[in-house]
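Have a look at the structure below, then the notes.
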Amino acid sequence: MRNVMTIILCGLPTSGKSSLGKALAKFLNLPFYDLDDLIVSNYSSALYSSSAEIYKAYGDQKFSECEARILETLPPEDALISLGGGTLMYEASYRAIQTRGALVFLSVELPLIYERLEKRGLPERLKEAMKTKPLSEILTERIDRMKEIADYIFPVDHVDHSSKSSLEQASQDLITLLKS
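Residue numbers 154 to 333, in this note's numbering, belong to the letters of the sequence shown in order.
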């Protein structure tokens with residue numbers, strides 16, 4: 154890893170892309186772009202104030218096009234980018250980040266993902282996808298896709314996303330991985 158670069162975090166919902174991304178960006182003094190937040194700032198209105206509401210209003214195809222468009226228009230500077238849990242299932246989004254930097258899959262064992270989703274609730278994109286497939290199949294497809302295209306796989310089962318020290322340690326561990 155060179156001194157500064159763009160790092161792109163992908164992973165299943167609840168894997169900690171946003172919390173670890175913010176901590177890592179602060180640690181590396183990089184701008185942080187959370188795709189869900191960018192969707193809201195670019196497409197919100199008086200009617201829609203969250204990415205979930207925007208997803209429900211636009212549907213999967215249009216929402217995916219919005220994600221890809223935002224990724225294509227991010228400044229070319231080095232940064233830390235946190236993707237949505239289903240972003241990389243859409244080919245145009247992958248093409249937008251494919252040569253941008255190091256793609257890191259934040260890996261979490263499925264039982265822990267299920268536990269977290271039960272507490273937090275399912276994202277709209279998963280609810281919609283579950284109309285045609287079981288949740289286990291959807292998550293397995295996403296895991297397989299991310300493992301296939303990621304430059305690095307970084308297990309984060311042990312990271313306490315509410316603990317500053319745990320996030321700092323995970324940031325240091327991820328930097329070590331990127332330097333290897």
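Don't be surprised by glycine CBs; every beta carbon is placed ideally from N, CA and C.
Under 8 Å, do residue 170 and residue 236 count as touching if we go by C-beta distance?
-> yes
Counting Cβ pairs, one atom from each stretch, are 3 or more of them under 8 Å apart for the region 208-221 and the region 275-282?
-> With a cut-off of 8 Å on Cβ pairs, the region 208-221 is in contact with the region 275-282, counting three or more such pairs.
Does the distance from the C-beta atom of residue 164 to that of residue 233 stay below 8 Å?
-> no
To the nearest angstrom, report how far apart residue 159 and residue 249 are at their CA atoms.
-> 13 Å
Where does residue 229 sit, in a helix, a strand or coil, going by DSSP?
-> coil
Where does residue 245 land, buried or exposed, given buried means 16+ other C-beta within 10 angstroms?
-> exposed
Once you ignore the five residues that flank residue 360 on each side, which residues in its own chain have a CB closer than 6 Å to its CB?
-> Nothing can be reported for residue 360: it is not among the residues displayed for the chain, which extend from 154 to 333.
So residue 192 packs on residue 223, CB below 8 Å; how close in whole Å?
-> 7 Å
Beta carbon of residue 302, beta carbon of residue 256: below 8 Å?
-> yes
Determine, using beta carbons only, whether residue 270 and residue 184 come nearer to each other than 8 Å.
-> Contact flag unset, no.
Of the residues 228, 231, 205 and 240, which one's Cα is nearest the Cα of residue 221?
-> Per the Cα distances, 240.
Which partner residues of residue 163 appear in the DSSP bridge assignment?
-> 258
Are residue 324 and residue 180 closer than 8 Å when you measure CB to CB?
-> yes
Would a C-beta distance cut-off of 8 Å place residue 227 and residue 186 closer than the cut-off?
-> yes
CA-CA distance, residue 230 and residue 276?
-> 30 Å
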